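Worksheet: one structure, shown below.
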Amino acid sequence: MAEAAPQYLALPSGLLELCALLGAPRDSLRGPEQVAQKKGVKSLSSLDPEVLSVFVPPFVTKEDSQPAGVSCVTLGKTKRRSFRKKRERPKAEPSKGHPGGPRGQDPEDVGIPNGVDLLALPQLCFPGGVCVASEPKEDCVHFLVLTDVCGNRTYGVVAQYYRPLHDEYCFYNGKMRWEASGLGRSAAGCFVPFAVCVVSRFPYYNALKDCLSCLLTHLKICKDFEVDNHIKDFAAKLSLIPSPPPGPLHLILNMKPLQIVFPSRADPESPLIDLDLHLPLLRFRPEKVLQILTCLLTEQHVVFFSSSWALLTLVAECFMAYLHPLQWQHTFVPILSRHMLDFVMAPTSFLMGCHLDHFEEVSKEADGLILINIDAGSITYSDDEDVDVPDIPLLAAQTFIQRVQSLQMHRELDLAHLCASTDLNEGRACRRAWQQRLNCQIQQITLQLLVCIFREVKNHLNYEHRVFNSEEFLKTRAPGDQQFYKQARLSRRMDAFAQMDLHTQSEEDRIDGMLLSPRRPTIEKMASRKSSAPHGAHRRMVVSMPNLQDIMVPELPPRNSSLRKIHTEDCGSSRTVLDVPSKLTYTFKIPEIHFPLVGQCVQAFHVDCVAQLSKAMDSLAPENSVLLARYFYLRGLVQLMQGQLLGALLDFQSLYKTDVRIFPADLVQRTVESLSAPERAQAERTPELRRLISEVMDKPEDAPKADDRVKNFELPKKHMQLDDFVKRVQESGIVKDAGIIHRLFEALTVGHQKQIDPETFKDFYSCWKEAEAEAQEVNLPFSVMEQLDKNECVYKLSSSVKTNRGVGKIAMTQKRLFLLTEGRPGYVEISTFRNIEEVRSTTVAFLLLRIPTLKIKMVSKKEVFEANLKTECDLWHLMVKEMWAGKKLADDHKDPQYVQQALTHVLLMDAVVGALQSPGAIYAASKLSYFDKMKNEMPMAVPKTTSETLKHKINPSAGETFPRAIDVLLYTPGHLDPAEKVEDAHPKLWCALNEGKVVVFDASSWTVHQHCFKVGTSKLNCMVMAEQSQVWVGSEDSVIYIINVHSMSCNKQLTDHRSSVTGLVVQDRTQAPSTVYSCSTDGTVLAWNASSLRVTSRFQLPGDGLSAIRLHGGRLWCCTGNSIVVVTTAGFLHQELKIGENFKEISTSFLGFQLVPEQEQLWAACAGYDDIYVWSLQDLAQPPQRIHLQDCSKINCMIRVKKQQIWVGGTGLSQGRSKGKIYVIDAERKTVEKELVAHTDTVKTLCSAEDRYVLSGSGREEGKIAIWKVE
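Residue 1265 in the numbering used here sits at position 1265 of the sequence shown; the count goes up by one each step and never skips.
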């Protein structure tokens, strides 16, 4: 028998928080009864309602279960969970002892959930008052949103129904009693309204409406004194149902006659949608919907009106869903009763709802309101002078209207060709599937609207420092749109904008975000802008971003499926029909709940739940981990309710392997804290639970959160030292790289104290922004654009000057200099930067003057280009030399980033000269001639062998404030997998940076495929592709993280290791499932089934320091520092190579090793030695051969390539300086074939790409990846 959970364990509530029966007080009905007999009276006077009964879970307490001999978990208080209003007991009470009528109890004896105000509830359940009727009325429902003082919301569904007052027996408060006075036949036509209100933490509007509809069918045919029993059983049934976790699993509850579906959220970040999102579109034209959304985005005082109480909440909630992922953070009261109308006088922003009968009253009493008539589909203002609602940006509005008009919102058109369904639940299921597809389309349309409106906000938002430059952003808006953005209070919504941007970022945006240099419109985008110039509405006035018409609509990652994939071409696309793929969903049918609800029945229900969930899990394929995680979650909740705390914790632990996103950390921590001493001892003996307990209990408490609100960017008002200056420049969005900002600081403080005054910063900032704006106005004719590459940008234009090739403006791109001739604009090539041989600044005589002239000599041309640049000459001399030096370094090091950095230096020089306006300005700007000085002062040529072998360099830290060390590299070949998009099938390079960051490159083009996602927060030690869809990453924090290759998300973790994971190896990729071996520094080796993620075997090696693992000949070779141990896959020792037997003079350890099966050799590197040692596998006892590495000071890594090559990476001397070096050794001849000067910092990691290329990663000083050709 399970031990009951301690009473203080507050388990998560089920679907029900509270259920209440409400109606008019008995005494108040005497008057209406007396006049009910009058002819022609259809509706009697309105009465004040009150709470008659309240039912709060749990409905079975520990005491209730003891007679049945069953132990049951209790939640919170153990008081009886229902009460009825106290009334004066009548003299005759026949129902005393009736099983359905528990003794009266004070309301305060029941624990009412937070956020539910029993005093206000009657008014909200009868917002129009209690009206006794002389003839029956239709049952009706409406919906409530209840908010507590902390802003937490609960949701209510209210069903109103009428019951007649019978001749002999009168129902009230669960008591059946004889009225001595008697109503006689006079009450036969008197119908009393009652309301049943269900309150839940979840907005299950449709599902709870259906549940209440089923309840009403029973209430109408039951005896009066049985009503409370029926409601209590109904509430108890709902209270036992757990809420489904986010994901594709929905729950089905049999309420007879209906099968009720409780949908789950699409993912943890998205809202729960259980309503018909097209309701507002049936009442309002698309233009009106946009107007309402504008009112919400600009935080107006909004009041909805309708003659239907139900529509008030449903329509308001639809608009809340339209705003996702933005949130309405103000007062939200979708239903105001007639006694609450004064709420509309509130001074703050709000969204409220009133009955249409109060329209005139509200519009006259309050000013500045937006009055929205749902029934008429109209919008008016209570005072036109006080309300200023701007129009939504034009392009976004036009696209939204077209897409809404394309929606098919009339299901009858879809049903016209189908036969009628003869099964009630089957018909409801078809209707639900249709509604789900329509809801997905509407969410897609509204998301695209928000993306179109706010996409460019990110260009002016600094994520690191949480600063938004609103002034600069507004300058980029069309004049007609500026009022909207001014009123939209952007800084309040920055976090939501950032989240929306991350989930809707296009490939183009990702690549643009990697560029270090300031962005300018490319020739391709300039041509596109010119071609669309006649369409004024489509012209974008934006700094540093592409034309809207060219934005590829983003594809959204599955990790947030609420932001669904957008398949249209762009925001302004004429294609209006959205093809939203239907999402695969699953259902789990809740077992039957038997009554009477005593402990035995509840326990039987829990046992049935666990059995059915276990059965469903057993029938699942291991790869269906998403659905498996949902079953684990539900079974864990049910086991908690059973009191099976250890079983529940094991299920929650399994979420690490299936989907860690839904792991209930707070609940697990509370469960662990509530374990009894014997349970805690048993948990500590279970390895999985011991790890789980240490995770949740040793987790440091959250430090007080710093003020991380997004601030508006402001120019500094006081002098800045270097650190403050770096922060200010980064906040301004000018440059991120801290090294470049340090050079800028030197330039701006030449000849002064090392601090910058606010005026200098303001001047510099203004010059930078002016240059940025001027670049947007560059308008090249088509004849010139045809001569340039489509990705070139014009970064700098001179004033009009005389040259030896005509009069015009000199233009600089990242690739070349050209002359933009005047008169009839034309293109005259000056030179590419690669073709420059010499740049000089001289003067030429003209009459009595000496005119400063720039001379550029080309390699391939005899003629020297001369330009009389006058006062601009010195600046252009600096800029051209820096670009020339940057291009030369880029060519020598095969690293295009040198050009990007040179461009940044050039534009900063321009701004420095403009800001200082002094004789020393050029000298100050020369402090930014970083690459030119490097070329002149350290003219070290790249060694020929290095230059011939090096193919390319890439920078995974591009866009960061400083370089990051590259800890691990992994190359994965491409696969044409049906589950992947074509671009996802390309080969990939996985790059692990420090602090658990992973960047993924497309290895077919060496462009970023996925920019920087997090895999824990610790250093990553190893990576391996376990299966086609899985990359496993071993971390310093002892966790193995599993990345889904298709979705680029990390939702699974293996937590069986107790110390740092240092090695991963796959046994057999040809068989499915494959086996993965992992090792950790404490000597633990685990074997995993790559499909089920279960440990199939484990063993422990003696000692610590296990740093690497290899598989050869069916045996595992493990490097433990002091020895290399050969064991069987079961862990039995086969052979051992001890380092002490070979190196007796100096204490050392193995750094790493490689096996060369073709030569039957073991190659190893040892700490403190600049040699590689080679043992024969035939006899490890024989002394090793030694291969000396010239000028090597440290060895970090070693890989085998093409069977006969060993590449060794580390640190060594080159031209007298310490560099990252790679030694290529011929394994057969055992000689060093090549020495490659790879990086300015040490080589930390190496990996092979199909034996065609080798990739090397450097330390944090450089932070780049080099790609080498294998010969």
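We put the beta carbon where it would ideally sit given N, CA and C, even for glycine.
Here the structure is a predicted model, which means the values were calculated and not measured.
Local conformation of residue i per DSSP, three classes
i       : result
Trp154  : As written in the sequence, residue 154 is Thr, which differs from the Trp given in the question. Three-state DSSP puts Thr154 in a strand.
Asp1002 : strand
Tyr765  : helix
Ala915  : helix
Asn936  : helix
Tyr463  : coil
Ala992  : strand
Lys1283 : Since the first residue shown for the chain is 1 and the last is 1271, residue 1283 is missing from the structure and cannot be characterised.
Phe143  : strand
Ile693  : helix
Trp884  : helix
Ile830  : strand
Arg1252 : coil
Ile1267 : strand
Ala235  : helix
Met1198 : strand
Ala1181 : coil
Gly806  : strand
His339  : helix
Asp210  : helix
Val404  : helix
Ile922  : helix
Lys1234 : strand
Asn835  : helix
Closest Cα partner of residue i within the set the options
i       : options                              : result
Asp148  : Leu121, Ala159 and Val60             : Leu121
Pro127  : Gln405, His358, Val315 and Glu317    : His358
Val696  : Gln721, Pro664, Ala771 and Ser1256   : Pro664
Ile830  : Leu819, Val315 and Pro193            : Leu819
Ser1092 : Tyr656, His324 and Glu684            : Tyr656
Val672  : Ala648, Ile662, Pro687 and Val660    : Ala648
Phe605  : Pro242, Leu1246, Trp1032 and Val1237 : Pro242
Ile954  : Thr154, Gly920 and His893            : His893
Leu279  : Leu407, Thr294 and Pro1184           : Leu407
Cβ-Cβ separation, residue j to residue i (assumed contact under 8 Å), whole Å
i       : j       : result
Glu960  : Lys736  : 7 Å
Ser1080 : Thr1055 : Actually they are not in contact, since the Cβ atoms of Ser1080 and Thr1055 sit about 12 Å apart, beyond 8 Å.
Tyr1253 : Lys1264 : The Cβ separation is near 15 Å, so there is no contact.
Tyr832  : Arg816  : Note that residue 832 is Thr in the sequence shown, not Tyr. Indeed, because the Cβ distance is near 4 Å, the residues count as touching under 8 Å.
Gly1113 : Ser1149 : Actually they are not in contact, since the Cβ atoms of Gly1113 and Ser1149 sit about 25 Å apart, beyond 8 Å.
Gly823  : Cys991  : Contact doesn't hold; Cβ gap of about 52 Å is too wide.
Arg163  : Phe191  : 7 Å
Val302  : Leu296  : 7 Å
Leu18   : Val54   : 7 Å
Pro521  : Ile453  : With 8 Å as the limit, Pro521 and Ile453 do not qualify as a contact, their Cβ atoms being about 22 Å apart.
Cys211  : Leu238  : 7 Å
Ser1005 : Glu1036 : No, Ser1005 and Glu1036 are not in contact; Cβ-Cβ is about 32 Å, not under 8 Å.
Residue-level contact to chain C via CB, residue i, 8 Å cutoff
i      : result
Ile453 : Structure shown: chain C not included; a single protein chain is present.
ask   = Can you list, in chain order, the stretches of the beta strand (DSSP E) that have 3 or more residues and sit fully within the stretch 1110–1174?
value = Counting only runs of 3+ residues, the beta strand (DSSP E) found wholly inside the stretch 1110–1174 occupies 1115–1119, 1123–1128, 1133–1138, 1150–1156 and 1161–1166, in chain order.
Entirely enclosed alpha helix (DSSP H) segments - the stretch 635–683, minimum 4 residues = DSSP runs (the alpha helix (DSSP H)) wholly in the stretch 635–683: 645–658 and 665–673.
key: Within the stretch 344–369, ranges of the beta strand (DSSP E) (whole runs, at least 3 residues)   = When DSSP assignments are scanned along the stretch 344–369, the uninterrupted stretches of beta strand (DSSP E) that are 3 or more residues long and fall wholly within it turn out to be 350–355.
ask   = Three or more C-beta pairs closer than 8 Å, one from the stretch 370–383 and one from the stretch 322–338: is that the case here?
value = Of all C-beta pairs linking the stretch 370–383 to the stretch 322–338, fewer than three are shorter than 8 Å, placing the two stretches out of contact.
query = So does the stretch 345–361 actually touch the stretch 300–318, counting three or more Cβ pairs closer than 8 Å?
reply = Yes: at least three Cβ pairs fall under 8 Å.
message = Any contact between the stretch 1153–1166 and the stretch 1198–1210? By contact I mean 3 or more CB pairs, one from each, below 8 Å.
response = The stretch 1153–1166 makes contact with the stretch 1198–1210; the number of CB pairs closer than 8 Å reaches 3 or more.
Segment contact flag, the stretch 835–849 with the stretch 776–789, C-beta cutoff 8 Å, min 3 pairs = Output reads no: the stretch 776–789 does not touch the stretch 835–849.
request  = Determine contact between the stretch 1189–1199 and the stretch 1209–1217, defined as no fewer than three beta-carbon pairs at a distance below 8 Å.
outcome  = Taking 8 Å as the limit for Cβ pairs, the verdict is that the stretch 1209–1217 does touch the stretch 1189–1199.
query = Which runs of the alpha helix (DSSP H) fall wholly inside the stretch 418–472 and span at least 4 residues, in chain order?
reply = Runs of the alpha helix (DSSP H) inside the stretch 418–472: 424–454.
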